[in-house]
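When the sequence shown is numbered by my numbering, its final residue is 175 and no position is left out of the sequence of numbers.
Structure first, commentary second.
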Amino acid sequence: LIHPTQKFKLRRKNMAETTTMKLEDGGEYIGAVKNDKPHGQGKCVWPEGGSYEGDWKNGKMHGKGSFTAGQQSYTGQFFKGNPEGKGKFVVKLARGELVYEG
């Protein structure tokens, strides 16, 4: 997985309840914000194609969410930016999928 501990430097585009913010690396976050950081429900898409959608706390993936990067994905619990707790990790292969749940 990529960007599990992405640090956010954000620029506010608007003041709506759901806000769109650009990351320093060109990624885009759309969702709830607190103190100019992702906080609450939201989605972030990075230029490399990775994305995370779910809960955020103080600018980090935290709570329940789904992270996808290329042929791999993780859906489950996150804690301070890292997958932690119960979840499902899937890697797509040429002839099926490799799946881990736990």
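Positions of the beta carbon are idealized from the N, C-alpha and C atoms, including for glycine.
Keep in mind it's a predicted model, so treat the numbers as computed, not measured.
{"Query": "Where N155 sits in the DSSP three-state scheme", "Result": "strand"}
{"Query": "Whether G127 touches F151 by CB criterion (9 Å)", "Result": "yes"}
{"Query": "Exposure of P120, with buried meaning 16 or more beta-carbon neighbours within 10 Å", "Result": "exposed"}
{"Query": "Where L171 sits in the DSSP three-state scheme", "Result": "strand"}
{"Query": "Any beta strand (DSSP E) of 3 or more consecutive residues that is wholly inside the region 99-171", "Result": "101-107, 110-118, 124-130, 133-142, 145-152, 155-166"}
{"Query": "Cβ-Cβ distance between G149 and K159 below 9 Å", "Result": "yes"}
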